[in-house]
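What follows is a set of notes on a single structure, which appears directly below.
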Amino acid sequence: MSLSIRKLGEHLAAEVQGIDLASPIEDSVFDQIRKAFYQHTVLVFRGQEIDDDQQIEFSKRFGPLEPTMVNDPSGGGGWISRLSNVDDEGHILPASHKKMLYLKGNVLWHSDSSYKKVPSRGALLYAEEVPPEGGETEYASMKAAYASLPDEKKNTLEDLVAEHSLLHSRNKITPGVMDQKFKDEVPPVPQRLIRELPETGEKTLFLGAHASHIIGWPFERGSALLDELLEWTTQPQFIYKHSWKQKDLVLWDNRCSLHRGRPWNAENYRRVMRRTTLLGDGPTV
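This is the structure we're talking about:
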């Protein structure tokens with residue numbers, strides 16, 4: 013079966029068919045995947061039997077990886093983030109467990125690592141176990157949202173810089189979940205509100221739950237603008253909703269899309285996912 017790309021959403025998402033990620037991928041085939049990534053922002057690979065090493069190797073084809081944070085309860089400094097409600101012995105964690113409290117922040121619309129000086133370029137999430145219902149991931153196109161703005165609005169936003177902070181987003185959901193070492197690992201950073209994608213020259217909004225305010229503006233005014241733009245970006249026409257199946261791998265571009273996890277019955281059903289993250293292109297400011 014030859015490689016094929018099937019579009020899933022109006023503004024983002026496509027399924028890549030006819031590929032086995034556990035086998036060597038020729039450069040010419042990978043070039044098709046990479047072009048599809050830049051075009052569709054979110055790529056879905058169904059039915060992939062891959063282990064940690066194979067996921068890491070495939071991820072590295074897109075560029076250097078970003079290590080997990082030392083103090084992140086899902087990371088610990090390696091290449092893999094383990095996003096699950098299960099402990100090392102296979103038991104379901106209670107909702108009050110620190111890891112579960114920290115992961116609650118993933119229900120907010122966000123771009124991974126936008127709270128770092130060099131924000132992430134993309135991420136790959138693999139489904140080891142999924143619940144029978146719920147637990148979907150929604151993706152929103154910041155690129156399409158920007159393109160749909162009136163020109164006057166685009167001009168107003170062009171040179172603005174927002175402050176992004178992991179502490180800000182986590183405090184929205186679970187205040188106090190980050191200890192001082194964790195806070196010190198990820199201090200607030202500035203990020204341009206409008207970015208340009210180097211591969212295509214397209215412009216995109218860059219915001220999400222980690223963005224707290226506009227630097228140089230009164231806090232409330234800047235926060236209100238970010239809320240307005242987030243509401244604009246997450247309109248139904250800009251969203252693709254992925255319903256997970258076991259052995260799915262989904263790749264997305266963090267520079268021009270937001271995502272959020274949807275709830276599931278976490279007290280009764282296991283959900284075990286692993287993520288690799290692509291290192292960013294460089295600072296936006």
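Per our numbering, the very first residue in the sequence shown carries number 13; after that it's consecutive.
From the three backbone atoms N, C-alpha and C, an ideal C-beta is built for every residue, glycine too.
Predicted, not measured: the structure shown is a model, and the values here were computed from it.
First and last residue of the uninterrupted beta strand (DSSP E) at residue i
i, result
"F57", "54-57"
"Y252", "251-254"
"L20", "Unbroken run through L20: none, as it is neither H nor E."
"A139", "134-141"
"H271", "269-273"
"P36", "Run containing P36: none; DSSP gives neither H nor E here."
"L95", "93-96"
"I226", "223-226"
"E27", "26-29"
"V297", "Where V297 is concerned, there is no enclosing beta strand (DSSP E), given that its DSSP letter is neither H nor E."
"T289", "284-290"
"W264", "261-265"
"K257", "No beta strand (DSSP E) holds K257; DSSP gives it neither H nor E."
Segment limits, alpha helix (DSSP H) that includes residue i
i, result
"I185", "178-185"
"K128", "Taken as a continuous stretch (DSSP letters only), K128 belongs to no alpha helix (DSSP H), as it is neither H nor E."
"Q192", "192-197"
"S86", "No alpha helix (DSSP H) holds S86; DSSP gives it neither H nor E."
"D239", "231-245"
"K110", "110-115"
Residues near residue i by beta carbon distance below 7 Å, same chain, minus five either side
i, result
"S255", "E148"
"R204", "V173, F218, T296, V297"
"V195", "In the sequence on display, residue 195 carries Lys and not Val. Within the same chain, K195 has close Cβ partners L179."
"G212", "It is worth fixing the name first, because residue 212 is Thr in this sequence and not Gly. Same-chain partners within the cutoff: Y50."
Per-residue DSSP class, three states only, for residue i
i, result
"I68", "helix"
"K165", "helix"
"K155", "helix"
"I45", "helix"
"Q51", "helix"
"P202", "strand"
"V119", "helix"
Cut-off 8 Å between Cβ atoms - residues of its own chain near residue i, not counting five sequence neighbours on either side
i, result
"V41", "L15, I31"
"N118", "L95, R272, G273"
C-beta atoms of residue i and residue j nearer than 8 Å
i, j, result
"K259", "A139", "yes"
"W121", "L291", "no"
"A135", "T245", "no"
"R133", "N266", "yes"
"P210", "D293", "yes"
"I37", "D64", "no"
"Y127", "V201", "yes"
Own chain residues within Cβ distance below 6 Å of residue i, not counting five before or after
i, result
"P143", "W276, Y281, R283"
"F208", "Phe is not the amino acid found at residue 208; the sequence shown has Glu there. Cβ within range, chain order: K215."
Nearest-angstrom Cβ-Cβ length linking residue i and residue j, presumed shorter than 8 Å
i, j, result
"V189", "L113", "5 Å"
"W264", "T53", "6 Å"
"E301", "T289", "With the chain running from 13 to 297 in the structure shown, residue 301 is simply not present."
"L261", "Q66", "At roughly 10 Å, the Cβ-Cβ gap does not stay under 8 Å, so L261 and Q66 are not in contact."
"I226", "G234", "3 Å"
Beta carbon proximity, residue i to chain C, threshold 8 Å
i, result
"S123", "Looking for chain C here will not work: only one protein chain is present."
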